[in-house]
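Position one of the sequence shown corresponds to residue 1 (the numbering used here), numbered consecutively onward. Yeah, the Cβ is synthetic: ideal placement off N, Cα and C, and Gly gets one too.
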Amino acid sequence: MLDAVKALLEPSRRSEVPPFMVMDVMAAAARIEAAGGHVIHMEVGQPAAPAPRTAIAAAQAALVQGRVGYTEALGIPSLRARIAKHYAESYGVALDPARVVVTTGSSGGFILAFLAMFEPGDRVAVTVPGYPPYRHILTALGCEPVLIEISQATRWSITVDALLETHRRTPLKGVLVASPANPTGTMMRPEALSELIAAAEREGIRFISDEIYHRLDYAFPAETAAKFSDNAVIINSFSKYFCMTGWRVGWMVAPEALVRPVERLQQNLAISVPTLSQVAAAAAFEGREEMEAVKHGYEENRRILVDGLPGAGLTKFLPVDGAFYLYADVSRFTDDSFDFAQRMLEEAGVAATPGIDFDPIDGKHFVRFCYAGSAADMREAVARIGRWLQRG
Ligand SMILES: Cc1ncc(COP(=O)(O)O)c(C=O)c1O
1 MLDAVKALLE
11 PSRRSEVPPF
21 MVMDVMAAAA
31 RIEAAGGHVI
41 HMEVGQPAAP
51 APRTAIAAAQ
61 AALVQGRVGY
71 TEALGIPSLR
81 ARIAKHYAES
91 YGVALDPARV
101 VVTTGSSGGF
111 ILAFLAMFEP
121 GDRVAVTVPG
131 YPPYRHILTA
141 LGCEPVLIEI
151 SQATRWSITV
161 DALLETHRRT
171 PLKGVLVASP
181 ANPTGTMMRP
191 EALSELIAAA
201 EREGIRFISD
211 EIYHRLDYAF
221 PAETAAKFSD
231 NAVIINSFSK
241 YFCMTGWRVG
251 WMVAPEALVR
261 PVERLQQNLA
271 ISVPTLSQVA
281 AAAAFEGREE
291 MEAVKHGYEE
301 NRRILVDGLP
311 GAGLTKFLPV
321 DGAFYLYADV
331 SRFTDDSFDF
341 AQRMLEEAGV
351 AATPGIDFDP
361 IDGKHFVRFC
371 YAGSAADMRE
381 AVARIGRWLQ
391 RG
């Protein structure tokens, strides 16, 4: 009897994915604010600005019509065509709209891509530090994430040597990279990306490129993997550049042979992506001017932090190439970045994310700052951190 009850209550082993520590920081920040304190939020990786006005207007107009039905599983054809046109406009790449799949944010894209590409037990290389859900989604689907440590020596990205060496030790079925990356904010040079894709494909390793932070590039222009291979799977989203996190809409560029399998999966898993969000997404491309202004704001924030943090005491951080993250080395002060982030929140009123969320190996020495807020907040954060570190 007891065993039967236990069996009814027991969650699956695959659901045992770790929580996101940043949520604990957010909860602590909320408690401080509820007690009247003022917190500068640099912990959550999302834009402070709203979606482009064009997107909001398109969704409002569609809503007024009343009926909001399902769409095609692969997405509204005009949106898929608009996304394909974006590749011609932004990268000079001619892309067949038939290869574009609209997804529920890039998060939905990863689930579809991994299911369509990999069998349970397949090994897929990801970076540490890296975005935790890559590892956790793979694990939940029965695949095995293989961690490749990146460092200053490899300019914080996976090199051909590291990939091949890992592949010899533990044969890989796939590799996933992001440029610009989260949490590091670093980017791969186009030549490095092209070489890595070619090396992976020579070995039969499938390549997944997370391009969610494209267009938020400051050091040099980000290049799409679509330029180098028709076999690479590209995941992207309206969440970051277009400031549409809550709309839950993104896209995938799939090799031709994967489109039908992805379509079948989408039909069964989600039917289709929220219709209003798709309508808004198509119109978001016409809001470029507004979004470029938001991007200029990030550039100013980046300048304030890069110029100000060393004087405040945070002298070591990774190249601040793109996205809206600065990954700071706090090993001078602590061996416990979670404790450091908690104290910085409680004593200085600045919320940031401990590196352990992104890197189980060396994350205890790093803290991630998101600079998607206001310039005034960035200046205030630099001042507060400076006073706090001085107090020691
Ligand atoms: C690197 C990276 N990829 C993917 C995502 C998921 O974003 P979304 O599902 O909103 O498109 C995020 C979110 O922060 C991210 O940082």
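Which value, in whole angstroms, describes the spacing of the CA atoms of residue i and residue j?
i: methionine 291; j: leucine 2; result: 58 angstroms
i: tyrosine 70; j: phenylalanine 340; result: 47 angstroms
i: aspartate 210; j: isoleucine 234; result: 6 angstroms
i: proline 190; j: alanine 35; result: 48 angstroms
i: glutamine 152; j: alanine 293; result: 32 angstroms
i: alanine 113; j: alanine 162; result: 24 angstroms
i: glutamate 263; j: leucine 74; result: 6 angstroms
i: alanine 282; j: valine 273; result: 13 angstroms
i: serine 194; j: glutamate 380; result: 40 angstroms
i: threonine 54; j: glycine 392; result: 48 angstroms
i: valine 175; j: leucine 269; result: 24 angstroms
i: arginine 135; j: cysteine 370; result: 21 angstroms
i: glutamate 286; j: lysine 295; result: 16 angstroms
Do residue j and residue i count as a contact pair if the criterion is CB distance below 7 angstroms?
i: alanine 225; j: alanine 232; result: yes
i: threonine 127; j: isoleucine 148; result: yes
i: phenylalanine 238; j: valine 249; result: yes
i: aspartate 335; j: valine 22; result: no
i: glycine 105; j: tyrosine 325; result: no
i: alanine 254; j: methionine 42; result: no
i: valine 330; j: valine 320; result: no
i: lysine 173; j: phenylalanine 207; result: no
i: alanine 81; j: leucine 258; result: no
i: tyrosine 91; j: lysine 227; result: yes
i: tryptophan 251; j: serine 277; result: no
i: valine 93; j: leucine 79; result: no
i: aspartate 359; j: proline 133; result: no
i: valine 39; j: alanine 29; result: yes
Closer than 6 angstroms: is that where the CB of residue i sits relative to any heavy atom of ligand 1?
i: asparagine 236; result: no
i: glycine 250; result: yes
i: serine 239; result: yes
i: aspartate 210; result: yes
i: threonine 245; result: yes
i: alanine 178; result: yes
i: tyrosine 327; result: no
i: tyrosine 131; result: yes
i: asparagine 301; result: no
i: glycine 105; result: yes
i: asparagine 231; result: no
i: glycine 75; result: no
i: glycine 322; result: no
i: glycine 363; result: no
i: asparagine 268; result: no
Between which two residues does the alpha helix (DSSP H) holding residue i run?
i: tyrosine 298; result: 288-312
i: threonine 166; result: 160-169
i: proline 11; result: Proline 11 -> no alpha helix (DSSP H), and no H or E assigned at all.
i: proline 190; result: 190-202
i: proline 129; result: Proline 129 -> no alpha helix (DSSP H), and no H or E assigned at all.
i: glutamate 380; result: 375-391
Would you give the residue range spanned by the beta strand (DSSP E) that residue i belongs to?
i: glycine 174; result: 174-178
i: leucine 326; result: 325-329
i: serine 237; result: 233-237
i: methionine 252; result: 250-253
Any beta carbon from chain B within less than 7 angstroms of residue i's own beta carbon?
i: aspartate 357; result: In the structure shown, chain B cannot be found, because there is only a single protein chain.
Could you tell me if the beta carbon of residue i falls within a distance shorter than 6 angstroms of some heavy atom in ligand 3?
i: glycine 45; result: For the structure depicted, ligand 3 is absent and the ligand set comprises only ligand 1.
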